[in-house]
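Taking it in order: structure first as structure tokens, then the write-up.
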């Protein structure tokens, strides 16, 4: 197993000067450990130093999204100097195939726009990788999300993370009982992991954005379908541990059409018309939940993340682009129905009572 | 690559591609660039056997069976690849291949004992019925010490059926679990039927697997099976990805409901991946769906006797 011993007081995403591939291979684990004391001193949290988050108005998927993404990256100081020669892994949210539902999966047009934006910044390669949480047939998920033809047209490789070889990485945060993660080897290929989620309410954890999206990097051959190991270990601590282990570099949130109510699958589409971009995923998710008119402090994993991975306090988030109030719309949160309404429907009972 | 227009041509191409990517040690990975793993090795081998017209292919399958046997642990379990002791969900796949090549009876029995021993964790929802299924029924998990789910339960039942062990109480409970996990609209998904009362959607691959398992376990007359067949017959018309189409057709065939245009569907699915890097699972499943039905391939051998080749 590869050690990743880091003081959990560290703001792990601040280890940006440690090459993430080196971190995963363990070659830089010692470097990370050696840097530990200095980084704790430099960035002793909390309070966090201010993180920048860019919010853009994007009224539909038909407009020029590539320009919006490029502008957001530029506003955040992400230009050719930082991207040139890098390998960029885009991790969209393709949890389950269901044709004709733009509110379930990250929209393919936005994924294409992000590909083109990074290519224009002279990335060495840009590829898409995902391990759908509910199905083994990743080709089906890609096809029914409308992504297959776009990837083919753009000559972008797709990698099914569910069936990847793995590296065993020590869990650096240990908020959950998981001692280690089996991370796909494909992560090693990438200099930057970019979380590209869909903005949704979520029936288990309140909201799912860029941090929760990282569940999809874990290979199903090791974690199952659904990734039940994480449920057993606790969804909330697993989200945080996994982000500390993967150390994504950037998030670009598809909030053009999101999902409200019974997310992540069965909720209703909700037009918001927003794209959110930022390098600190906690700050990005806090901003995105505010756009849903949800207080991030009420989302348990965000509240805990504020102590470990980044700020949720609006005073610690430097807002660039559109003001939140100009775009925010109330997303209907998931409401648990009375037990009598969902326990054993007549149809379910009839199936259960049918003899073999 | 030129697209093959008929069954014979694509089958030969698929077999040739599998042969050309067979590696030393014998077996296939999930991708060309990943290490050899049990599931793709078994499905590719079964695909070759299901469309067998060459002793060389039988030899390849036997070599794969031998290699998997050499990776079996003392407790009977098989990891997903050589480097893994856990999870063990690939163990039933080994049983299928050993059964199909009529070898390794002792190893298969040891594996079956392990499968019957290592099952999923039930849990008590109490009065908080968040999920709609019976959480106390026990089938098989993907990962040890987690809940039972549809696909690993189907894998285990198919292996138990192949070795004539479906009368075991655990197999019977597995059958009940699959029936319990059938979706109200017909078909199966990974294994949650409803969450907070809202029915979830079926998917072709778990539906094909569940139908295969239930048919091999003698439950094909159940209304859940009938509804699953109807779902697949409607859905597969628009599916061209090998994994979903392959298991879907295998399931329908096991239930005696193979579509008349199955060969055409398989040809289209092969064309869909013809210019893509070889995937042993995709090719194996397409061949398995095109060739000898799974119940004949793995369901006709006796349990006793080591007739290792």
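Chains as they are written, first to last, in the working numbering: chain A, 626 to 981; chain B, 5 to 313.
A virtual CB, placed ideally from N, CA and C, is assigned to each residue, including glycine.
Contact check for residue 148 (chain B) against residue 91 (chain B) passes: the beta carbons are separated by less than 9 Å. Per DSSP, the unbroken beta strand (DSSP E) holding residue 681 (chain A) starts and ends at 676-682. Here residue 91 (chain B) carries a coil assignment [DSSP, helix/strand/coil]. Counting C-beta pairs closer than 8 Å gives three or more between the segment 770-780 of chain A and the segment 736-744 of chain A, which meets the contact rule. Within the segment 142-207 of chain B, there are no complete beta strand (DSSP E) runs of at least 3 residues. Of all residues in the segment 880-905 of chain A, those with a C-beta nearer than 8 Å to a C-beta of chain B are 887, 890, 891, reading in chain order. For residue 686 (chain A), the CB contacts under 8 Å within the same chain, skipping 5 residues up- and downstream, are 727, 732, 734, 735, 881, 882 in chain order. Residues of the segment 95-116 of chain B with a C-beta less than 8 Å from any C-beta of chain A: none at all. The closest CA to that of residue 821 (chain A), considering only A:673, A:800, A:713, A:887, is found on A:713. It is roughly 25 Å from the alpha-carbon of residue 926 (chain A) to the alpha-carbon of residue 760 (chain A).
Counting only runs of 4 or more residues that sit fully inside the segment 848-878 of chain A, the alpha helix (DSSP H) segments are 853-858, 860-871, in chain order. No Cβ of chain B is located within less than 9 Å of the beta carbon of residue 823 (chain A). Close to residue 245 (chain B), with beta-carbon spacing below 7 Å, are these residues of chain A in chain order: 762, 764, 765, 768.
At a cut-off of 9 Å between C-beta atoms, residue 856 (chain A) counts as an interface residue with respect to chain B. Check the Cα spacing between residue 143 (chain B) and each of B:104, B:131, B:176: the tightest is with B:176. Among the residues facing chain B, residue 851 (chain A) is included, as its CB has a counterpart in that chain under 9 Å away.
Closest in C-alpha terms to residue 960 (chain A), from the list A:819, A:789, A:829, A:749, comes A:829. Bridge pairing for residue 944 (chain A): A:678 [DSSP].
Of the residues B:290, B:182, B:140, the one whose Cα lies closest to the Cα of residue 267 (chain B) is B:290. Assignment of residue 271 (chain B) by DSSP, reduced to helix, strand and coil, places it in the helix class. Cβ neighbours of residue 204 (chain B) within its own chain (closer than 7 Å, five residues either side excluded): 187, 193, 196, 197, 198. Around the beta carbon of residue 78 (chain B), fewer than 16 other beta carbons lie within 10 angstroms, which makes this residue exposed.
Note that the segment 716-727 of chain A touches the segment 836-848 of chain A; at least 3 beta-carbon pairs, one per stretch, sit closer than 8 Å. Around the C-beta of residue 922 (chain A), fewer than 16 other C-beta atoms lie within 10 Å, and the residue is accordingly described as exposed. The segment 284-303 of chain B makes contact with the segment 241-256 of chain B, as at least three CB pairs between them are under 8 Å. Secondary structure of residue 290 (chain B) (DSSP, three-state): helix. At a Cβ-Cβ threshold of 9 Å, residue 48 (chain B) and residue 284 (chain B) count as neighbours. Straight through space, the alpha carbons of residue 802 (chain A) and residue 920 (chain A) are spaced by roughly 28 Å. Of all residues in the segment 785-798 of chain A, only 788, 789, 790 place a beta-carbon less than 7 Å from a beta-carbon of chain B. A contact is defined here as three or more CB-CB pairs under 8 Å, and the segment 793-810 of chain A meets this definition with respect to the segment 865-878 of chain A. With fewer than 16 other Cβ atoms inside 10 Å of its own Cβ, residue 171 (chain B) counts as exposed. Against chain A, the beta carbon of residue 238 (chain B) has no neighbour under 9 Å; the closest one sits roughly 13 Å away. A contact is defined here as three or more CB-CB pairs under 8 Å, and the segment 159-170 of chain B meets this definition with respect to the segment 108-121 of chain B. In terms of Cβ geometry, residue 88 (chain B) and residue 847 (chain A) form a close pair [threshold 9 Å]. Around the beta-carbon of residue 895 (chain A), 16 or more other beta-carbon atoms lie within 10 Å, marking it buried. In this structure, the CA atom of residue 787 (chain A) is about 23 Å from the CA atom of residue 21 (chain B).
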